[in-house]
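Residue numbers (the numbering used here), protein chains in the order written: chain A, 11 to 370; chain B, 11 to 370.
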């Protein structure tokens, strides 16, 4: 996507360095963060310098490729090093499927080339690069598949950020809106601010501004109000992991919007590539849900009137908080899943993911 | 309630001055604001120095009593002045029923004594003082009526602040919890932070800390997550206005929690005095919903690490927001309304409110 007239990916590789748009500074500062080795990349995933299902998948794949470059040049030492690196990367964030998918795929590519160390290194880089390209391309295809759902003047509600900042490019939930807009159909977007980290108010709002799409930020509390007033035509959200039965893990609050959409007769769509589907996970209750630190709830960050980034306490002194980062939306609440191969019902997502894996 | 060992009401009258706990500074500073005349009291209602259905009712009644004290000593001039003051107070906030109820009652008391100006002034003060006492007493009675719903170890979810800060004393939604705790039954409270103004995270958390009740603040987005995990036994919220059919206007987000409670088989209670019932309002769609300034969504306020109160921008620069302050929960989602005369079904609330008015 274009930032100040230049095309940027969300995360990319230049030799042994992984570069990424620093999403902890956006939208107040646009700055590229450089991770010099796999440990720095893993730390950047953990602290959400890069975030979003696809972007952390791409970064995780790059991290394993970095580890392959750093590893000792004997087969046993190489394998031990990259396995340890893979374990470190897997431990950064537990919920998003893409991260595990990417780690496993790059690791398998590297190990398959052993004992040829140079071959293993180049195979790891090639696998990671291929996944980054695929992530961008599936985002584009999801835009094409979902675009017919966006009629001219459609009022779409979205939660969190499943735009191009959440993937290598294009994104999932926002990609149909971008594709429709380029075809001349304009949508209006209700942007849930998405507490506690405000990815809607910060990242989705920043993306939509850049794309010239009309939108309003609303407190998460107000989504049901606008639904009940019939000011929302459809809901599109992303996904961090989809279980075999079609249950969807996504940013905390997604479940609330899904229940409210059904209550108000509003179609609720999930947009996600097949790499998000965990066919070994029977249902949503088996998806591990990350609980993050309570300081994300207790504090707010942003620029003061002089532009200095500051952190304030917004909750009563001494009060404690809980901060689950994701929730599970039952498949029955999902009207359809917008994939790179068209809109699929939640019930058939596992079968279609297996088809896609066989075809690729 | 006790603050630093001293009993405070939320708002009270000392001669011609209306005094109130400054709720824009809580929980970071405890400070009493003095409104010297009816215009200052009206401004304090508008800018939410005092807030909450009962507290703004009490403050509104005091404002009309102040106006009676300020008015010219001829009957025509007196009436014109207090009518204008009543109009000013009515225009401060549109949704809460108690405000209009209080203005009308104090105004009627004053006008009934005319042409006796001294009598009108003392009647206005007496009516305003009586309503303040009644507001505190109904809060206590609501606590007694709702307390049996709180079993030992009950996990109660509440939204916004309907505690003693929202009324003259005791409160509504929190009063049954306080009453149960004094009877030896301890509840755990899930406190919705309640964006955008964070009355849950700030005021309810501060109240519960002072009362020694265990609680955790959660993002509004997480309420559904904890409900689905069966970690919420019941929901109790307040009300700003209840229509004749039992539809309930309350803080934005209440409707979302009510839909989620029904989805998860969790009883959803509203706690409110009969003065909240607007028997002339046929249903929730007829309740005027206040839309407040977007800066409440765009900015966050609180103390920095040095304790200096600051305001930060938390939303993407240039982005616009919408900020409806209340929503409507249909009567069908309400298990019961906890009143000063016991728990009443939403469907019979208007009839019971008429009974109560006749009896008083």
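We put the CB at the ideal spot given by N, CA and C, even for glycine.
Keep in mind it's a predicted model, so treat the numbers as computed, not measured.
In this structure residue 360 of chain A touches residue 289 of chain A by the C-beta definition: roughly 5 angstroms separates them, less than 8 angstroms. At a cut-off of 8 angstroms, the C-beta of residue 231 of chain B has a neighbouring C-beta in chain A. With respect to the 8 angstroms criterion, residue 107 of chain B and residue 137 of chain B are not classified as neighbours on the basis of their beta carbons. When the Cα atoms are used, residue 263 of chain A and residue 21 of chain B turn out to be separated by approximately 36 angstroms. With 16 or more neighbouring CB atoms inside 10 Å of its own CB, residue 273 of chain B falls in the buried class. From the listed residues A:111, A:123 and A:49, the smallest Cα separation to residue 89 of chain A is found for A:123. Excluding sequence positions up to five before and after residue 302 of chain B, its CB lies within less than 6 angstroms of the CB of 333 and 335, all in the same chain and listed in chain order.
Chain A places a beta carbon closer than 8 angstroms to that of residue 219 of chain B, counting this residue as a contact. When CB distances to chain B are screened at a threshold of 7 angstroms, the residues of the stretch 278-310 of chain A falling below it are 307 and 310, in chain order. Non-local C-beta neighbours of residue 156 of chain B in its own chain, meaning closer than 8 angstroms and more than five positions away in sequence, comprise 185, 186, 189, 246, 279, 281, 348 and 353, ordered along the chain. Residue pairing for residue 352 of chain A: DSSP places it in a beta bridge opposite A:349 and A:350.
In the three-state reduction of the DSSP assignment, residue 252 of chain B falls in the strand class. For residue 193 of chain A, the closest C-alpha among the options A:153, A:28, A:24 and A:101 is that of A:153. In summary, residue 105 of chain B is buried, with 16 or more beta-carbon neighbours lying within 10 Å of its beta-carbon over all protein chains present.
Counting along the chain, residue 154 of chain A sits inside the alpha helix (DSSP H) bounded by residues 127-156.
Rounded to the nearest angstrom, the gap between the Cα atoms of residue 244 of chain A and residue 120 of chain B is 53 angstroms. Using a Cβ-Cβ cut-off of 8 angstroms, residue 270 of chain B counts as an interface residue toward chain A, since at least one Cβ of chain A sits closer than that to its own. Straight across, the Cα-Cα distance linking residue 68 of chain B with residue 196 of chain B is about 30 angstroms.
Relative to residue 29 of chain B, the option among B:35, B:11, B:213 and B:59 whose CA is nearest is B:59. Within its own chain, the residues whose Cβ lies closer than 7 angstroms to the Cβ of residue 135 of chain A, once the five positions on either side in sequence are excluded, are 75, listed in chain order. In the DSSP assignment, residue 224 of chain A is bridged to A:198. At a cut-off of 8 angstroms between beta-carbon atoms, residue 242 of chain A makes no contact with chain B.
Each of B:166, B:72 and B:310 was checked against the Cα of residue 133 of chain B, and the nearest Cα belongs to B:72. CA-to-CA, the gap between residue 118 of chain B and residue 86 of chain B works out to about 15 angstroms. DSSP places residue 338 of chain B in the uninterrupted beta strand (DSSP E) bounded by 336-339. For residue 40 of chain B, the number of other beta carbons within 10 angstroms of its own is below 16, and it is reported as exposed. Taking 8 angstroms as the upper bound for CB-CB distance, residue 338 of chain B and residue 294 of chain B are in contact here, some 3 angstroms apart. Beta bridge pairing from DSSP links residue 12 of chain A with A:17.
Listed along chain B is no residue with a C-beta nearer than 9 angstroms to that of residue 32 of chain A; the closest approach is about 15 angstroms. Counting only runs of 4+ residues, the alpha helix (DSSP H) found wholly inside the stretch 251-327 of chain A occupies 264-273 and 305-308, in chain order.
Against chain A, the CB of residue 91 of chain B has no partner CB under 8 angstroms away; the residue lies outside that interface. Around the Cβ of residue 261 of chain B, a 10 Å sphere holds 16 or more other Cβ atoms; the residue is buried. Fewer than three pairs of CB atoms, one per stretch, sit closer than 8 angstroms, so the stretch 143-151 of chain A makes no contact with the stretch 325-332 of chain A. Boundaries of the alpha helix (DSSP H) around residue 114 of chain B: 107-123. Only those residues of the stretch 330-347 of chain A whose C-beta falls short of 8 angstroms from the nearest C-beta of chain B are listed: 330, 331, 332, 333, 334, 337 and 338.
Take residue 346 of chain B, set aside five residues on each side of it, and the residues of its chain with a beta-carbon closer than 7 angstroms to its own are 279, 353, 354 and 355, in chain order.
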